[in-house]
Amino acid sequence: MVRIARIAVPVPLPQAFDYAVPEDTPVPPVGARVRVRFAHRTLVGLCLGLDPDDAFAEPKPLLEVLDAASAVTEDLLGLGHWLAGYYHHPIGEVFAAMLPKAALRGAPLSWRAVEVWLRVEGVATDLSRAPRQRALLAFIEGRGGWAGGADLRAAGFSAAMIAALARKGAIRAGERPIELEKPLLLTADQERVVQAYRNAPRGFSANLLEGVTGSGKTEVYLQVLGEVLARGGQALVLVPEIALTPQTVARFRRRYGAVDVLHSGLSDGERLTAWLRCRDGAARILIGTRSAVFTPFKRLGLIVVDEEHDASFKQQDRLRYSARDVAVKRAKDLDIPLILGSATPSLESLENVRTGRYRRQRLAKRATGAAMPRIHILDIRGQRLLDGLSQPLLRRIKRHLEAGGQVLVFLNRRGYAPAYLCAACGWQAVCGACDARLTLHRGRRRLACHHCGTEWPVPAACPACDGAGLVAVGAGTERVDEALRSGFPDVSLIRIDRDTTRSQRRLEAGLAKIAQGGPSILVGTQMLAKGHHFPNITLVAAVNADAGFLSADFKAPERTAQLLIQVAGRAGRADRPGHVWIQTLQPDNPALKRLVEAGYAGFAEHELGSRHRVGLPPARHMALLRAAAADPDAPSRFLKGIKTLLAGAANLDASAEFPRRREQAHRLEIFGPAPAPMPRRANLHRRQLMLLAASREVLHRSLNRLVRVSAPRGLRWDIDVDPIDAL
Ligand code: ADP
Ligand code: ZN
Ligand code: ZN
Numbered sequence: 222m223v224r225i226a227r228i229a230v231p232v233p234l235p236q237a238f239d240y241a242v243p244e245d246t247p248v249p250p251v252g253a254r255v256r257v258r259f260a261h262r263t264l265v266g267l268c269l270g271l272d273p274d275d276a277f278a279e280p281k282p283l284l285e286v287l288d289a290a291s292a293v294t295e296d297l298l299g300l301g302h303w304l305a306g307y308y309h310h311p312i313g314e315v316f317a318a319m320l321p322k323a324a325l326r327g328a329p330l331s332w333r334a335v336e337v338w339l340r341v342e343g344v345a346t347d348l349s350r351a352p353r354q355r356a357l358l359a360f361i362e363g364r365g366g367w368a369g370g371a372d373l374r375a376a377g378f379s380a381a382m383i384a385a386l387a388r389k390g391a392i393r394a395g396e397r398p399i400e401l402e403k404p405l406l407l408t409a410d411q412e413r414v415v416q417a418y419r420n421a422p423r424g425f426s427a428n429l430l431e432g433v434t435g436s437g438k439t440e441v442y443l444q445v446l447g448e449v450l451a452r453g454g455q456a457l458v459l460v461p462e463i464a465l466t467p468q469t470v471a472r473f474r475r476r477y478g479a480v481d482v483l484h485s486g487l488s489d490g491e492r493l494t495a496w497l498r499c500r501d502g503a504a505r506i507l508i509g510t511r512s513a514v515f516t517p518f519k520r521l522g523l524i525v526v527d528e529e530h531d532a533s534f535k536q537q538d539r540l541r542y543s544a545r546d547v548a549v550k551r552a553k554d555l556d557i558p559l560i561l562g563s564a565t566p567s568l569e570s571l572e573n574v575r576t577g578r579y580r581r582q583r584l585a586k587r588a589t590g591a592a593m594p595r596i597h598i599l600d601i602r603g604q605r606l607l608d609g610l611s612q613p614l615l616r617r618i619k620r621h622l623e624a625g626g627q628v629l630v631f632l633n634r635r636g637y638a639p640a641y642l643c644a645a646c647g648w649q650a651v652c653g654a655c656d657a658r659l660t661l662h663r664g665r666r667r668l669a670c671h672h673c674g675t676e677w678p679v680p681a682a683c684p685a686c687d688g689a690g691l692v693a694v695g696a697g698t699e700r701v702d703e704a705l706r707s708g709f710p711d712v713s714l715i716r717i718d719r720d721t722t723r724s725q726r727r728l729e730a731g732l733a734k735i736a737q738g739g740p741s742i743l744v745g746t747q748m749l750a751k752g753h754h755f756p757n758i759t760l761v762a763a764v765n766a767d768a769g770f771l772s773a774d775f776k777a778p779e780r781t782a783q784l785l786i787q788v789a790g791r792a793g794r795a796d797r798p799g800h801v802w803i804q805t806l807q808p809d810n811p812a813l814k815r816l817v818e819a820g821y822a823g824f825a826e827h828e829l830g831s832r833h834r835v836g837l838p839p840a841r842h843m844a845l846l847r848a849a850a851a852d853p854d855a856p857s858r859f860l861k862g863i864k865t866l867l868a869g870a871a872n873l874d875a876s877a878e879f880p881r882r883r884e885q886a887h888r889l890e891i892f893g894p895a896p897a898p899m900p901r902r903a904n905l906h907r908r909q910l911m912l913l914a915a916s917r918e919v920l921h922r923s924l925n926r927l928v929r930v931s932a933p934r935g936l937r938w939d940i941d942v943d944p945i946d947a948l
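This is how it looks when you write it as structure tokens:
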């Protein structure tokens, strides 16, 4: 008889915990949720196993079994164990991150289908004696032949009335009818790619679909997905940020009807419903952001990761997983194909192509036949900038607007100005809690720290010398917006950044206005780089790209190049050719020059070569250990201890198990502790240790030694495997 259940409890401890199953309680199936007491709290955990051989001798009783069957699919249980091992994260917290919030609170795992009632054509029913049913039928007919149950009830029709009319055969429950759009006729390039899937043996394959912006990658996803649906399978499409790509979701809906979505804009209840619909096989297509990669599916047949290079696929706190990498793991586990799509593939994916782990497919031309935009460098050395813009750039903007084009101005910095200082005494507005300058938000009359979120009113006079010499230095989107508004008063201008698009409605309204096509200017941050189509944009101007190429972060050039190419790709999608101007003080910067001359592919190849030469990812594997504490010395002290522990162990490993010649490849290199890129944030001092190893096994074996390391009071630390900013 089963007596003990091993439970993943959402607490920051590495192991799962054993609980006794009381006499009168059903035995929880593996994967079921249970309620347990843990350190004076009641928590919901997941049952991982029954009667383990090494069971704890005196387990406490569990309180309640919440599910009669496993809450998740079997592959997700395996995935949870894998995640805990790969990211060196507590198993209970891993499962907590994988489950929807509502499920973790103990909500029942049930969902109701959205109820839709349809007029049955050609059925004549005598309703002369049933005026309310007649009204109901008229209501449905007035709505074009179908109506949602909620709408019917809101209009005063009861469930009993609906049921009565349905019994007479005049209406029936069903799905919202939609006229589905036909697939496009594929270009020869697209056809080649889709055929490759059609003819490929079923089973796991990882495919990098490298297609220039506008080359029709989405159409390829749609058609490959159609094959999967036709066989009764489900498909998961991961996208960077749904809020920014309503067009993508709409396109899937037009083609296939019902599409479920999962993103942070949903309520907990909506998220749970989508999750359950996938698990129970009711959803056919799920489009979701990062955490949707943890959704259980009944018959998953395909995973697509769109814009696979995008940094938002990496979670930056707690369980620091990469949804793209987890997608690869899931596709492998489920033995299904995976498509990673991008115009600017990550160097990791290109490395995987190089080593033969991924297949590469290319779409080199735009599907519509539109020409690729031409990219030019605009040397602004020695020029006076007006609110961040040079005169030659302003002249070009004017010319494009006069010719009826639309203009996109890209700069990766929101607010009015990134620095506010006193010209008389040199005082600078800095954050009291971070090593950072404050950004001036002039419209809101605030100085804001973009790192800890603190805000101050803008002082009227210099706080140090009481003088009136305060000046805003540099330009952010707000400033460029203002300058262009006064320079081109008759042109409509839309700013898209995190300050202006807090509401989805406003963002969509802005995008709709641009879509109308009149002369307009779009000013924005990298939010603009993602997935939008602006067919009338003929000029893209990148205003401050230099910072990205000069940063000391080894990934910064890659990320900057991706951004520039993605933003450039917004230009000239229709019949008029697009031009891209990159305003720079560093026209001879080799990375920038290579990007402009050799395109992204040439840039990436070179960059990958230099990563290999210096032994940085993806040539070697990296983990970052970050520590933060109020005590300025504590993080260094803690990380030095860890370094000693790892160094001793790593040397032993190397000399004991490997012959001398292979020592190099199997060595773990440890750098630091060094200050974090921002050494102090929100009053915490931050240090980090960087681990590099040519072999994943060596890296993971070392990290495994840290499982039971406990941090001193007041110090927080974590392990970041495959970090995406490694400074
Ligand atoms: P990507 O995802 O690579 O940026 P999309 O699939 O969004 O490209 O396609 C870009 C544009 O080209 C869209 O407007 C789309 O409707 C159009 N398009 C894609 N494939 C075809 C095709 N085979 N024939 C005609 N137009 C196409
Ligand atoms: Zn002053
Ligand atoms: Zn701050």
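Numbering-wise (my numbering), the sequence shown opens with residue 222 and increments by one. Every residue gets a Cβ at the ideal spot worked out from N, C-alpha and C, and that includes glycine. Remember, it's a predicted structure, so these values are computed and weren't measured experimentally.
Where do the ends of the alpha helix (DSSP H) carrying ASP481 lie? Counting along the chain, ASP481 falls outside any alpha helix (DSSP H), though it belongs to the beta strand (DSSP E) covering 481 to 483.
Output needed for THR565: all residues of its chain with C-beta closer than 8 Å, excluding positions within five of it in sequence on either side, in chain order. HIS530, ALA782, GLN783, ILE786, GLN787, TYR821 and ALA825
Within the same chain, show all residues whose beta-carbon is closer than 8 Å to that of PRO247, passing over the 5 residues directly before and after it, in chain order. VAL286 and ALA289
Considering only heavy atoms of ligand 1, does any lie closer than 7 Å to the CB of GLY432? yes
Is ALA689 near ligand 2 - that is, is its Cβ less than 7 Å away from at least one heavy atom of it? Flag unset: Cβ of ALA689 not near ligand 2.
Nearest-angstrom Cα distance between GLU295 and GLY301? 10 Å
When DSSP labels each residue in this structure, what does ARG492 get in the three-state scheme? helix
Taking only runs of the alpha helix (DSSP H) that begin and end inside the stretch 692 to 744, which ones reach a length of at least 4 residues, in chain order? 698 to 708 and 725 to 736
Looking only at DSSP bridge pairs, what is TYR240 linked to? Among the bridge pairs identified by DSSP, TYR240 is matched with ALA226 and LYS281.
Determine the burial state of GLY432: buried for a count of at least 16 other Cβ atoms within 10 Å of its Cβ, exposed for fewer. buried
Note down the Cα distance separating HIS621 from ARG797, rounded to an integer number of angstroms. 11 Å
Tell me whether GLU279 is buried or exposed, calling it buried when 16 or more other Cβ atoms sit within 10 Å of its Cβ. Exposed, since its Cβ has fewer than 16 Cβ neighbours within 10 Å.
Would you mind stating whether ALA292 and ARG262 have Cβ atoms separated by less than 8 Å? no
For LEU749 and ARG791, which I take to be in contact (beta-carbon distance under 8 Å), what is that distance rounded to the nearest angstrom? 7 Å
Between the stretch 897 to 904 and the stretch 667 to 676, do at least 3 Cβ pairs fall closer than 8 Å? yes
Leaving aside the five residues before and after VAL341 along the sequence, list all residues of the same chain whose C-beta is less than 8 Å from its C-beta, in chain order. GLY390, ALA391, ILE392 and ARG393
If you count every other CB in all the chains shown that lies within 10 Å of the CB of ARG883, and 16 or more means buried, which is it? With a pLDDT of 45 at ARG883, under the threshold of 50, the predicted position of this residue should be treated as unreliable, though the coordinate-derived value follows. So ARG883 counts as exposed.
Could you check how far apart the C-beta atoms of LEU771 and ILE601 are, in whole angstroms? I think they sit under 8 Å. At roughly 15 Å, the Cβ-Cβ gap does not stay under 8 Å, so LEU771 and ILE601 are not in contact.
Excluding the 5 residues flanking ASP874 on each side, which residues of the same chain have their C-beta closer than 6 Å to its C-beta? Residue confidence is low: ASP874 scores 46 on pLDDT, short of 50, so the model does not pin down where it sits. Its coordinate-derived value is still stated next. Hits under 6 Å: none found.
By DSSP, does ILE618 sit in helix, in strand, or in coil? helix
Could you name the residues whose beta carbon sits closer than 5 Å to any heavy atom belonging to ligand 1, keeping them in chain order? LEU405, LEU407, THR408, GLY432, GLY435, SER436, GLY437, LYS438, THR439, GLU440, ALA588 and THR589
Any heavy atom of ligand 3 closer than 7 Å to the beta-carbon of THR660? no
Per-residue DSSP class, three states only, for ASN573: Looking at ASN573 - three-state DSSP - the assignment turns out to be helix.
Per-residue DSSP class, three states only, for ASN810: coil
Tell me which same chain residues have a C-beta within less than 6 Å of the C-beta of ARG881, skipping the five on either side of it? Only weak support is given to the placement of ARG881: the predicted model assigns it a pLDDT of 44, under 50, and the value that follows is read from those uncertain coordinates. Taking C-beta separations shorter than 6 Å and ignoring five residues to either side along the sequence, ARG881 has no partners in its chain.
So for MET899, helix, strand or coil by DSSP? strand
Using CA coordinates, which residue listed in PRO461, ALA345, ALA371 and ARG505 is at the minimum distance from VAL449? ARG505
Please report how far the alpha carbon of ILE524 lies from the alpha carbon of ALA241, in whole angstroms. Rounded to whole angstroms, ILE524 to ALA241 spans 39 Å at the Cα level.
Quick one: is VAL950 buried, meaning 16 or more other Cβ sit within 10 Å of its Cβ, or exposed? In the structure as shown, the chain starts at 222 and stops at 948, and residue 950 therefore has no counterpart that could be examined.
Are the Cβ atoms of ILE618 and VAL801 separated by less than 8 Å? no
DSSP bridge partner residues for VAL801 (one or two, in chain order): ILE596 and VAL761
CA-CA distance, PRO398 and VAL251? So the alpha carbons of these two residues sit roughly 40 Å apart.
DSSP three-state label for LYS553, please. In this structure, LYS553 counts as helix in the three-state DSSP scheme.
Using the DSSP secondary-structure output, state which residues sit across from CYS643 in a beta bridge. LEU691
In the DSSP assignment, find the unbroken alpha helix (DSSP H) run with LEU450 in it and report its ends. 438 to 451
Are the CB atoms of LEU978 and THR722 nearer to each other than 8 Å? Because the chain in this structure spans residues 222 to 948, residue 978 falls outside the shown range and cannot be described.
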